[in-house]
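Those protein sequence lines, which keep their order, are chains W and Y.
Taking the numbering used here, the leading residue of the first sequence gets 551, the next gets one more, and so forth.
Taking the numbering used here, the leading residue of the second sequence gets 551, the next gets one more, and so forth.
All C-beta atoms, glycine included, are put in the ideal place defined by N, C-alpha and C.
All values derive from a computational prediction rather than experimental measurement.
Number of protein chains: 2
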Amino acid sequence: MARANLSPAVVVAAAAEMADRDGFEAVTLSALARHFGVQTASLYSHVRDRAALLAGVHELAMAELSDRIAMATAGRSGRDALVALAEAQRDYARQSPGRWTALQRGSAPSPASARLVSLTWAVLRGYHLSDDDLVHATRLLGATVNGWIALEGNGFAHRDPSPDVSWGRALDALDTVFHSWSST
Amino acid sequence: MARANLSPAVVVAAAAEMADRDGFEAVTLSALARHFGVQTASLYSHVRDRAALLAGVHELAMAELSDRIAMATAGRSGRDALVALAEAQRDYARQSPGRWTALQRGSAPSPASARLVSLTWAVLRGYHLSDDDLVHATRLLGATVNGWIALEGNGFAHRDPSPDVSWGRALDALDTVFHSWSST
DNA sequence: GCCCCAAACCTAACACCTATAGGTTTCCAC
DNA sequence: GTGGAAACCTATAGGTGTTAGGTTTGGGGC
Chain W
551 MARANLSPAV VVAAAAEMAD RDGFEAVTLS ALARHFGVQT ASLYSHVRDR AALLAGVHEL
611 AMAELSDRIA MATAGRSGRD ALVALAEAQR DYARQSPGRW TALQRGSAPS PASARLVSLT
671 WAVLRGYHLS DDDLVHATRL LGATVNGWIA LEGNGFAHRD PSPDVSWGRA LDALDTVFHS
731 WSST
Chain Y
551 MARANLSPAV VVAAAAEMAD RDGFEAVTLS ALARHFGVQT ASLYSHVRDR AALLAGVHEL
611 AMAELSDRIA MATAGRSGRD ALVALAEAQR DYARQSPGRW TALQRGSAPS PASARLVSLT
671 WAVLRGYHLS DDDLVHATRL LGATVNGWIA LEGNGFAHRD PSPDVSWGRA LDALDTVFHS
731 WSST
């Protein structure tokens, strides 16, 4: 029984790849075991249980996403930063649908999720919001972007105008709202 | 073997109740069979497979929700109608979390989902939007409300200001945006 | 190289799930 | 009472997650 040289990180990474390739629901301990050529029970040396595996995928995805957002928003402010933040999330969801679903299904606090909140606050900094309005804005922005991505994933009815245009209008709307909330 | 007097509607209704009581993931054909005191295989006389069962729950929930929204928005216009539409959905999600999850997980077109779109359009009628903007607004409203409910379900960080206040501010923002898009 | 030990693997078993095929029972119409 | 369809059951197959205990591997110390 040669060793497959597994580790928690290797198992979680493979689960994330599998989620994107085969869909979130296809990620099972059994499927991963087949992928690595070991018995299902062997994976318990590396992950406590299925929930811990999925939490690992969530954490990996959150780290990747916050990196993506940091890159996209660096050097931008105001509306440009807002658009970059939103686009980064939409792009990530499209390119990594399985990882995105893992993010939606889990909610563990992590350094990366705190980082995401900080990045959001940084983007909103350009609007000079009061402390309270900053929280309102963070919630509204998160809700709108996440809700959009979820609805879009289900496929907006295929009608004009194109969802890309609607998306642009939605972001413009958010920009306008945050400006109107500005305390300066 | 006395008959349990099952029918597709009875099975789907029990699944919906079970989803709200025990959680969406707890709804299995096995669990339903135990609930009715029959063997699991017997349920296949009434539902084609698990997916069809969950589609039934989705359809039932969509019908209930659109009824709720119709009642809540009747006789209201403008901002009041908008708030009523949004509140009806948020209330429904809170009172019937399992049903709500069934709605998020499925996307089958049905008479009730078409009705929901019509109700949304009726609510937005008060804003006198162009045809294109009506679609943009429908998408933005759906995304914001659904995204909010999803994030709230995961539990906004427990901090001031309260999520209820943020919710009110979010609806105000939507109202303002739709007014600004008005073609009259 | 040998020995020891911990970790990584396997086997066996169990409980649970979905779904099919074929058999049995119930109920209703005639 | 009879016939037939539908509702039920049994048996089975294939799949999932998990635990307990056994076996093998690899690395460190001597």
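Short Cβ contact (7 Å threshold) for D725 of chain Y with L666 of chain Y:
In the second sequence, the residue the question calls residue 725 of chain Y occupies position 175. In the second sequence, the residue the question calls residue 666 of chain Y occupies position 116. Their beta carbons are not under 7 Å apart, which means D725 of chain Y does not touch L666 of chain Y by this criterion.
Could you name the residues of the same chain whose beta carbon sits closer than 7 Å to that of G573 of chain W, not counting the 5 residues immediately before and after it, in chain order?
Walking along the first sequence from the start, residue 573 of chain W turns up at place 23. Cβ within range, chain order: G648.
When you compare only the Cα positions, how much space is there between S716 of chain W and T694 of chain W?
Stepping through the first sequence from its first residue, residue 716 of chain W is reached at position 166. Stepping through the first sequence from its first residue, residue 694 of chain W is reached at position 144. Their Cα atoms are separated by approximately 12 Å.
Buried/exposed call for E575 of chain Y, threshold 16 Cβ in 10 Å:
Counting from 1 along the second sequence, the entry for residue 575 of chain Y is found at position 25. When all chains shown are included, E575 of chain Y counts as exposed.
Burial state of V597 of chain Y (16 or more Cβ within 10 Å):
Within the second sequence, numbered from 1, the residue matching residue 597 of chain Y stands at position 47. Buried is the call here.
Which two residues bound the contiguous alpha helix (DSSP H) that contains L556 of chain W?
Sequence index remark: in the first sequence, residue 556 of chain W carries index 6 (1-based). Neither: L556 of chain W is in no alpha helix (DSSP H) and is coded neither H nor E.
Simplified DSSP state of N704 of chain W, which is helix, strand or coil
If you number the first sequence from 1, residue 704 of chain W lands on position 154. Note: N704 of chain W maps to coil in three-state DSSP.
Which residues, in order along the region 673-694 of chain Y, keep a beta-carbon less than 7 Å from a beta-carbon of chain W?
D682, V685, H686, R689, L690, G692, A693, T694
DSSP three-state assignment for R626 of chain W, whether helix, strand or coil
Within the first sequence, numbered from 1, the residue matching residue 626 of chain W stands at position 76. R626 of chain W falls in the coil class under three-state DSSP.
7 Å Cβ cutoff met for A611 of chain W and A652 of chain W:
Taking the first sequence and counting its residues from 1, one reaches residue 611 of chain W at position 61. Taking the first sequence and counting its residues from 1, one reaches residue 652 of chain W at position 102. Closer than 7 Å, so yes.
Tell me which residues of the region 629-657 of chain Y have at least one Cβ-Cβ distance to chain W shorter than 8 Å, keeping chain order.
Q654, S657
Can you give me the Cβ contacts of V588 of chain W inside the same chain, cut-off strictly under 7 Å, excluding the 5 residues immediately before and after it?
Position 38 of the first sequence, counted from the first residue, corresponds to residue 588 of chain W. So the qualifying residues of the chain are A554.
How about A658 of chain W and V607 of chain W: are their beta carbons less than 7 Å apart?
As a working note, residue 658 of chain W is residue 108 in the first sequence. As a working note, residue 607 of chain W is residue 57 in the first sequence. Cβ distance not < 7 Å, so A658 of chain W and V607 of chain W don't count as in contact.
Run through DSSP, which three-state label would R598 of chain W get?
Position 48 of the first sequence, counted from the start, is the residue given in the question as residue 598 of chain W. R598 of chain W: coil per DSSP, three-state reduction.
Cα-Cα separation between G676 of chain W and H729 of chain Y, rounded to whole angstroms:
Within the first sequence, the letter at position 126 stands for residue 676 of chain W. Within the second sequence, the letter at position 179 stands for residue 729 of chain Y. Answer to the nearest angstrom: the Cα atoms are 25 Å apart.
Tell me, please, whether the CB atom of V562 of chain W is closer than 7 Å to any CB atom in chain Y?
Position 12 of the first sequence, counted from the first residue, corresponds to residue 562 of chain W. So no, V562 of chain W is outside the interface.
By the criterion of Cβ-Cβ separation under 8 Å, what are the contact partners of Q701 of chain Y in chain W?
As a working mapping, residue 701 of chain Y is identified with position 151 in the second sequence. Strictly speaking, residue 701 of chain Y in this sequence is Leu, with Gln absent from that position. Within 8 Å Cβ-Cβ: R689, G692, A693, N696.
Would R719 of chain W pass as an interface residue toward chain Y - the criterion being a Cβ-Cβ separation below 7 Å?
The residue labelled residue 719 of chain W in the question sits at position 169 within the first sequence. Chain Y, which has a Cβ nearer than 7 Å to the Cβ of R719 of chain W, makes this yes.
Residue-level contact to chain W via CB, P661 of chain Y, 7 Å cutoff
Position 111 of the second sequence, counted from the first residue, corresponds to residue 661 of chain Y. Output row for P661 of chain Y: interface = no.
What three-state label does DSSP hand R675 of chain W in the structure shown?
Taking the first sequence and counting its residues from 1, one reaches residue 675 of chain W at position 125. Helix at R675 of chain W.
For the alpha helix (DSSP H) holding D710 of chain W, just list the boundary residues, first then last.
By one-based count along the first sequence, residue 710 of chain W stands at place 160. Element bounds for D710 of chain W: n/a, residue is neither H nor E.
Could you tell me whether any Cβ in chain W is nearer than 7 Å to the Cβ of V727 of chain Y?
Position 177 of the second sequence, counted from the start, is the residue given in the question as residue 727 of chain Y. Closer than 7 Å: yes.
Residues that S595 of chain Y contacts on chain W, provided the C-beta gap is smaller than 8 Å
For the purposes of this step, residue 595 of chain Y is taken as the residue at position 45 of the second sequence. In chain order: nothing, as chain W lies at least about 27 Å away.
Starting from S657 of chain Y, trace the alpha helix (DSSP H) in both directions and tell me its first and last residue.
Locating residue 657 of chain Y in the second sequence gives position 107, where the first residue counts as 1. No alpha helix (DSSP H) contains S657 of chain Y, which DSSP labels as neither H nor E.
Smallest Cα separation from V561 of chain Y: which of Y:R571, Y:T670, Y:A552, Y:A602?
Within the second sequence, residue 561 of chain Y is the residue found at index 11, counting from 1. The option with the nearest alpha carbon to V561 of chain Y is Y:A602.
Does the count of Cβ pairs from the region 700-711 of chain Y and the region 613-628 of chain Y closer than 8 Å reach three?
no
If we define contact as Cβ-Cβ less than 7 Å, is S627 of chain W a contact residue for chain Y?
In the first sequence, residue 627 of chain W corresponds to position 77, counting from 1. Cβ-Cβ to chain Y under 7 Å: no for S627 of chain W.
Count the other CB atoms within 10 Å of the CB of S646 of chain Y; is the residue buried (16 or more) or exposed (fewer)?
Position 96 of the second sequence, counted from the first residue, corresponds to residue 646 of chain Y. Buried: at least 16 other Cβ atoms inside 10 Å.
Does the CB of A723 of chain Y have a neighbour CB from chain W at under 7 Å?
To locate residue 723 of chain Y, count along the second sequence from 1; it is residue 173. So, interface residue.
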